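Step one of this worksheet: look at the structure below.
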Amino acid sequence: MLVINCPWCGPRDMEEFTYVGDGTLKRPEIGSEETDQKAWYEYTYIRDNPRGPHLEVWHHAAGCRQHVRVKRDTLTHEIHGCWPASGEMADTTEGETK
Amino acid sequence: MTRYSVFSVLKGGLTGQKNWTRAWRDPEPKKSYEAIIIGGGGHGLATAFYLAKNHGMTDIAVIEKGYLGSGNVGRNTTIVRSNYMLYDNAHFYEKSMELWEQLSHELNYNVMFSQRGILNLGHSDAQMDGMARRGNAMRLNGIDAELLTREEALKYVPMADRSENARFPIYGGLMQPRGGTARHDAVAWGFARAANNLGVDLLQHCEALDFVVEDNKIKGVVTSRGTIMADKIGLAVAGSTTTLTDKLGLKMPIETHLLQAMVSEPLKPWFDGVVTFGAGHFYLSQSDKGGLVFGGDLDGYNSYAQRGNLPMVNHVAQSGVALVPAIGRVRLLRHWAGVMDMSMDGSPIISKTPIEGLYLNAGWCYGGFKATPGSGWCFAETIANDAPDWRNQGMTLDRFERGHIIDEKGAGPIPGAH
Amino acid sequence: MSGPSKRLTEGGLIDRSKSLGFTFDGKRYSGFEGDTLASALLANGEVLMARSFKYHRPRGVMSAGPEEPNALIKLRTGARQEPNTRATMIELYDGLVAESQNRKPSLRWDYQAMNQLIGRFIPAGFYYKTFMGPFANTKLWMQFEKLIRKSAGMGEASWEADPDLYTHRSAHCEVLVIGGGPAGLAAARAAAEGGGRVILVEETPHLGGRLRKDSEVIDGLSGSDWAAAMETDLAGRDNVRILKRTTAFGYYDQNMVGCCERVADHLVEPAAHQPRQRMWNIRAGRVIIAAGAVEQPLVFGDNDRPNIMLAGAVRAYVNEYGVLPGERAIVFANNDDGYRTALDLAKAGGNVKAVVDPRDEGAGELADAVRALDIPVLNGHAISRARGGATGIQAAEIVPVSGSGMQHMDCDLIAMSGGWQPTVHLSSQTGSKPVWDDSLKCFVPGAPRQKEVSAGAAAGTLSLADCLSAGRKAGAEAAGVSAPSWSAPKPESAGLKSNPTAALWEAPGTKGKRFVDHQDDVTTSDVKLAHREGFISVEHLKRYTTLGMGTDQGKTSNLNGLAIMASLTGKTIPETGTTTFRPPYTPVSIGLLGGPEVGKHFAPLRRTAMDSWHDEQGCEWIDAGLWRRPRYYPKAGEGIFEAYVRETKETRGGVGVCDVTTLGKIDIQGPDAADFLNRVYTNGWKALAVGKARYGLMCREDGIVFDDGTTSRLAEDHFVMTTTTANAVKVMAWLEYYLQFVWPDLKVQVTSVTDQWAAVAVAGPKSRALLEKVVDIDLSNDAFPFMACGDVSAAGVKGRLFRISFSGEMAFELNVPADYGRHVWEAVMKAGEELGAVAYGTEALGNMRIEKGHVAGPELDGRTTADDLNLGKMMSTKKDFIGKRLAYREDLVGDHRHKFVGLMPVDGKSKLIQGAQITENANDPLPVKMIGNVTSTGYNSETEMPIALGLVEGGLAREGDIVHMQYPLRNVTVPVKVCHPIFIDREGARHHG
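Protein chains in written order, with the numbering used here: chain E, 753 to 850; chain L, 96 to 513; chain B, 15 to 1007.
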C-alpha cells in the first residue's frame, strides 16, 4: 500500500488518491495551427510506459483535490519523490518517502 | 511422443507410469528459423501451433525468457467468453470460442474447457438496457446470448443476496451459455506439446535482449542463448511489449498495469457457473479443484511488479460479500497479480508493424486468456500471409491514429479505465 | 474408535480445573481450557481426524501449528460453518461442534478410499491425458467434470449469509514485531526502550512460541513462565501494544502489514456487536519478522499414517497440552533438535524405542543425553516405511542409509524431523527472493526490499540463546537504541554442542506411498513423473502435480518436493529454484477482508434535500449512480407508463415540477474563467453576457463527446457549470487536472457545489405564472428571456434562477441552498396548486427530452462524436478546444458513422425497446450487419405514438426510410421509420414563451 507524500497535506495513504497517469505528457500548445495531428495523436495515445522510475500524476481526490506529481518505480513501487502538479521539481523536495 | 488417451493412462497405471516421455523436447537453438515467436505464453505457443498446422511452417521457434506458460496464461482467472458487442471484437472472440470448443480434441490434451455459462448481472434498468444492446448485437452476430430476468439470474447464482439488505438489487443479467472456464496451465502445455509434435522448437530460458534490423527489415533476435536469425518475428510478450519495442524505437499505445486475482481454499461444489457483479468489481467461478476463483479491477497504476496491494484485495472482497454474503465465511488462500498491457481502447493489437517482418500481438488488457486460440490463429495468419485474417483486420497498431477505435466500454484513451 | 485417554496426569499449560465439552462427528468429548481441538482429540485417544484430498487416506494430525496439512475439519454449523479449519489452530471452547470432512459415509469407513486401489491409474495430471472425447466437443468432459468436482474440494461451505461482523482498523508504529516467541519477545523488549511505538503480534492466544512447547529453562524459570514475565513487563509499557490471536498475513508496499485479529473465534459466537475478526492495517517504520520456522517432515513409505508427527509437534503435545501421543515412540530425525523429543517423551513417561538418525556421526551433546537414558540411537539409519492403518501405526521398518538389512520395530508413534525451514513467507512477499543456505539445508530470507529484518528461527537461527540475542539486536537496531539496558538472558541450553543437519530428502526403499505433499496427495512418484515429462522447473512441478497448492501452501512440502526434483535433474537446489510465496501467510476469511461496509452499507445512498417529500408522495424510486431519484409519482391504478405519460401531458399542458438536484454543479471563478470554458467546451464562451446561460458540449482529447450541460455567467469572472448526473465527479476531476497540470497559468478556481444547491425545474406553459408567485423578480420575456439567469429571492430564500429548458417548454430552474430545498420545493408546489402543477419524475423528464430530441447518457456512450449527434455545428472553427484536433480523424467521419435520428414504428403502435439493434432488413441470415441501434425510447404525448432515438448509419440522410428494430433476445422485430429526432415543436417556439 503506497504512501504518497502530498505536498499540501503530508504523507497520505494511496486510498485517498486516484491515479491519473503519465506525468511527463506535454500537451501541444493551444492555437498553434501548424501543430500536426501526429503530435496530438502521440500526446493522447502514446506512453513511454517505463519499467523503473516513472513520473506520474495522482489526484488527491479524497483530500485537498490537488494533483500531485509522483516519481515511483513501476518495478518495486518505491516512491522517490512527490511534487505539486506544476512548477520546478527541485531535487531537494521533502517528497522523499519510502 | 505418447499419444494421450484413456488407453495410455491405463497403460501408465500398469507400467508404473514408465510409458510417458517428455511433453516437449528441450532443443538447443538453431542458428536461424523461418520464423520466431517471442514469448512462450498462451498466445505465443498457440501462434506457433497454428503456424505449423495451418500454414505448414514448422521451421520455427518459440523463445521464452522463463518457463513455458510463466506469464499471464498461468495467472489469470480462466474465464472464456465471447460476449462482445463491437464488430471487431465479436467475430474475433467468437472464432476463439469455436476453437475452444474443439481444443482438447485438437491438441490431444484436455484443457478442461467447461461451458458452464457466464452471467453478467445488471442492477438497474439502464444497465439492463446496455446489456440488451450487447446481447442483441451478439445474437445478430450469430453468438449465443440470453437476457435473464431477476428470478432466472438468482436461479443461476442461488447464493447471491436476494434480501432487502442488498444495496444494489439484482435486476437480471446477460448470459452467454457457451462461456465458461478452462484449466489455464493446461492450455499452455497443450499448445506447447502439440506445437512441439509438429516440429516447433520451444526454447525455454531464452530471453530476447535485442533485435537485428537491416533496412527496416527484421533479421533476427539477440537472445541470452545467442543471436538467432529469422525474417519473420512475432512478438507475443504481454507485460514486456514496450520493453522490447523500445529496442526497436517503436512507440506503443500501451500502459502496463497490475491485475490481481484470488483463490479461496478448496470447497466441495459451491457455485457451478461464472458470474460478474454489475455494481462493483467482482467476478467469481469455482475451479475443478474446488477453489473459488475471483478478482476485480486493476490496481490502477502503471506497474510491472507481479504483486498487488491490499486496498484492491479489500475492495474485491467487499464486493464479493456484497454480492454473495455467504462468501464472507470462506477463506482466501492466495492472491497474486499479473501485469497487463492495457491498450488505449481496451482492445488488442494483432498487427503488422512499421518494421517489415515484425508482427505484434499485444494490448490484451485483461482479456487475453479467452482469446488464446483465436489470437494464435489470427496472428499465425498475419505472420504467414503478411496480411491479417478478416477477423483481426481492425486490430491494427495504427488504428488509433486513424480513429478506428474499438472501445467496448466507451471509456476513452485512459488505459486503466478499460 | 477412540482409544484410551492419552492425557498426562500432570504437566502442560492446560487448566485441568476447567473442563470443556465438545463434539466431533456427533460424539461427545471433553478437554481442558488451553487445549486446541487437535490436542483435545489426541488426549481422548482420537488419532484419525481427516481424509486426504485425492486418495482419501486416513490422516491424523501432523503438526501443532499453522502449517497443519492434514487435520482439516469443519468447525461450527449452519451459516457459521467454517470448512477446512486446522484442528491445530482451533482453541477449544465449551460447546464446540466439529465434523470431519471429505468422507462418505464416515471418517472411519470412507468408501472413496477405494481411490487408493485405482491410484496407479490416476497419477499427477492424469486428467490432462484423457476425457478429450472421441468427438470435438466439450460434452464428454463436462460429464466427467461433475464427478471430478464432487470428489475434489475439501470442506463444504454454506450458502447462508455470514451473520458475523468484521471491522477494519489502521495503526502506525515505529517497530512492528511479528511473532511472540523468544526472538520476538526479546526484539519487542529491546525496541521498547527506544520510546517509539512498538506493536507485537502473535498468532496464538499466548506469547512464548516454542518456549511453551519445549522444556527450556531461562533465568531459573520455565520457558512459559519466562515468557509470561516478559509479557507482564511489555504490557506495562505505554508504548507497547500486544495483539494476540493476531496473524500478520500479508506484507505490502511501504511497510504495510495486514493482520487478522481473531476477536471471537474462540467463543461459541461473538457477543452482540462484537466483531468476529478485526483487520489491522499496520504501517510500521521497521518490521522485525520473528515468525519462527516450520519443521519439515521426512519422506518415507506411508509417512502419512495417523500418529506420524513432526518431532516438534510431539513436544508441543507433551509440554503444552499434557498429552502423550504415543507409548512406544520412534524418533526419526536428520538433525539434533529431534533428540529433544526423545528426551521430553521419556521425561513424560513414554517409552522411546529408538532415535533413528541418517547421519553417520549422529548428534552432539543431545545424543549423549538420550543415550544416558538407555535409548538406542541408530546412526546411519532411516525409516523406510511405516506400518499401520486408519487408527495409527504399529511398526516401522528401519534400514541402513547405505547397505542392506531391515529391522522391524514396534511403535505407536513416529516423531520425525527433517530440519526447520524458516518462515520466509512475509519477507518473500515483499519481492525478496529467499536464499538457499547449504549448511542449514533450508532457505533463509533474502536481502530485504523493505525496512524489515528477520530474526531468530525465521532467519535460520536455531539455538534459543542465539534467538534471544538476535531478537535483542534486531529490536535495538530497529528502534535506534544503541545499547539497550535489557540484556538477553542465557538459557540453560546455551552452548550445547550440536552437529549440523544433513539432507535426507527421501529415505531409502520403495515400498508404500511416499508423500511429499500430504494435503494434496502428491507422492515422490508424482514428482518423478513430472520429471519424466519435462515439468522440471519448480513452477511446472507445482502446477503439474499440485504440490504446495493446498490450504497450507506447501509449508511442509515445498522444500522436499524441490529437493527431490533437484536430485532427479542433478541440479542444485538453488538452480532448481524456489516458488514465490503469495499472501496470505495463512488463509484469511473473505469477510474480514471485505470489512464492515457490505450489504446496505456497500455504497452510500445519496438523497436530495427534497427526498423526504418525494417519499411522502409514495413515488417510485430509481437509482441514478449513488443517488436515488423519483422515477414517477403513481396515482391509484397507474403503472409506470400511465404515470409518466400523464406527468408529461400535464407538464406540457400546464406546469410540472421536477427535482433536478442531482445534476453536477461546478462553481468556476477567476479572471481567466471565460478563457478556460472556451478551452474545455467545443463552442465559444467569451462573448456570453453576464446574466446569460448557454448550452455547452465537451469532448475528450480523442474528439469523442464527453458531457454536456448549461453553464451560466453570473459575473464577469464567475460562472456556474452544470454537468450530467452521471459525469459530475468525472468532469470535476477533469477540470482540476487541466487547471493544475496542463494550464497552471490560468487564474481559475473550480469548486464542486452539487451538494450545496438544491435544484427545482419548473416547466410548462404555466411555469412563469407559477414562479411569479414564488420569486421576487420580473419574469416577463423582456426582463428575463430564454437563457437568462440571475439572483432571486424564492420563498424568502436567496437563490438563483435560470431560464433553461430540457423539456422544450417554457421552463425555469431554481437553485437554492440545499438546506432550504424542501422549504422552497413546498412553496413551489403550493403556488402551483391552483395551476394544477404536477410533480414529475425522471421517466417523464426523460420522455420530454426524447420528444425534443436532446441527447443524454444513452447517446453519449463514449463512442459518439459531435457530428454523430448532429451537434457538429457546436465544434467551433474559430478556436482551439479539447478534442478538436483528433475529432476529424479519417475513421471518425464519413458515411459509415452511425448518426443521431428519430425512429417511429411503421404501424404507429408497436413498442420500441431500448437496447435494440437496427438492421436493414427483417430476416437476413446471421451474422447480419447492424446499421445502428435504439438508444432511448419514449412516447409522443401529442401524437400518442411510441417513439425512439437512435443512431443509424447515414443519419438524417435516410429520413423516411424503413429499417428494422431487432431485439432477438426477446424475439421482437419491428419495422421502423427513420425520422427527425425532434418530435415536438421542431421550430423551438415554445421555450421562448
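C-beta: ideal position from N, C-alpha, C; glycine also.
Model, not experiment: these values are computed from the prediction.
Collapsing the DSSP output to three states places methionine 156 of chain B in a helix. Rounded to whole angstroms, the gap between the alpha carbons of proline 83 of chain B and glutamate 241 of chain L is 43 Å. With 16 or more other Cβ atoms from the protein chains shown falling within 10 Å of its own Cβ, glycine 212 of chain L counts as buried. Secondary structure at methionine 270 of chain B: strand, using DSSP grouped into helix, strand and coil. For the region 843 to 920 of chain B, the continuous alpha helix (DSSP H) assignments of 4+ residues that do not extend past its boundaries occur at 856 to 866, in sequence order. Under the Cβ distance rule, aspartate 686 of chain B does not count among the residues neighbouring chain E, no pair being separated by less than 8 Å. Proximity of proline 462 of chain B to chain E, defined by a Cβ-Cβ separation below 8 Å, is not satisfied. In this structure, the alpha-carbon of asparagine 393 of chain B lies about 22 Å from that of lysine 525 of chain B.
For arginine 262 of chain L and glycine 230 of chain L, the gap between their C-alpha atoms comes out near 25 Å. The beta strand (DSSP E) runs of length 3 or more contained entirely in the region 506 to 534 of chain B are, from start to end of the chain, 529 to 531.
Note that the region 262 to 281 of chain B touches the region 289 to 299 of chain B; at least 3 beta-carbon pairs, one per stretch, sit closer than 8 Å. Look at methionine 423 of chain B: its C-beta is not under 8 Å from any C-beta on chain E. In this structure, arginine 424 of chain L lies near glutamate 96 of chain B, with their beta-carbon atoms less than 8 Å apart. For a Cβ distance threshold of 9 Å, nothing in chain L lies close to threonine 776 of chain E: the least Cβ distance comes to about 12 Å.
Fewer than three pairs of CB atoms, one per stretch, sit closer than 8 Å, so the region 870 to 881 of chain B makes no contact with the region 799 to 817 of chain B.
A Cβ-Cβ distance of about 18 Å is found for the pair proline 468 of chain L and glycine 458 of chain L, leaving them out of contact under the 8 Å criterion.
For histidine 806 of chain E, at least one C-beta of chain L is nearer than 8 Å to its own C-beta. Taken in chain order, the unbroken stretches of beta strand (DSSP E) that lie wholly in the region 347 to 394 of chain L and span 3 residues or more are 349 to 361, 369 to 371 and 378 to 381. Setting aside the 5 residues that flank it on each side, proline 685 of chain B is surrounded in the same chain by Asp731 and Lys761, each with a C-beta closer than 6 Å to its C-beta; the list follows chain order.
With its beta carbon at least 8 Å from every one in chain E, lysine 314 of chain L lies outside the interface. Put simply, the CB of lysine 504 of chain L is far from chain E, with every gap to its CB atoms at 8 Å or more. Note on the region 319 to 345 of chain L: whole beta strand (DSSP E) runs with a minimum of 3 residues are 321 to 324 and 327 to 330, in chain order.
The three-state reading of DSSP puts lysine 118 of chain B in coil, since its state is none of H, G, I, E or B. Residues of chain L with a Cβ closer than 8 Å to the Cβ of leucine 257 of chain B do not exist; the shortest Cβ-Cβ separation is about 17 Å. Between serine 398 of chain B and proline 522 of chain B, the beta carbon gap of about 6 Å places them in contact (Cβ cut-off 8 Å). For leucine 121 of chain B and leucine 62 of chain B, the gap between their C-alpha atoms comes out near 8 Å. Contact annotation for glutamate 767 of chain E against chain L: Pro406 [CB-CB distance below 7 Å, chain order].
Residues of chain B with a Cβ closer than 8 Å to the Cβ of alanine 837 of chain E are, in chain order, Gln754, Phe755 and Pro758. Look at the beta carbons and you see the region 707 to 724 of chain B touching the region 801 to 808 of chain B: at least three pairs across the two are nearer than 8 Å. If you draw a straight line from the Cα of alanine 331 of chain L to the Cα of leucine 453 of chain L, it is about 11 Å long. Contacts with chain B at 8 Å (Cβ-Cβ) include histidine 811 of chain E. Within chain B, the C-beta atoms nearer than 8 Å to that of histidine 819 of chain E come from Glu750, Tyr751, Gln754 and Phe755, in chain order. Annotation: Cβ neighbours of isoleucine 798 of chain E in chain L (cutoff 8 Å, chain order): Lys346, Met347 and Pro348. For histidine 545 of chain B, the secondary structure class from DSSP, reduced to helix, strand or coil, is helix. DSSP places serine 431 of chain B inside the beta strand (DSSP E), whose first and last residues are 427 to 431. Counting along the chain, the unbroken alpha helix (DSSP H) around histidine 279 of chain L starts and ends at 279 to 292.
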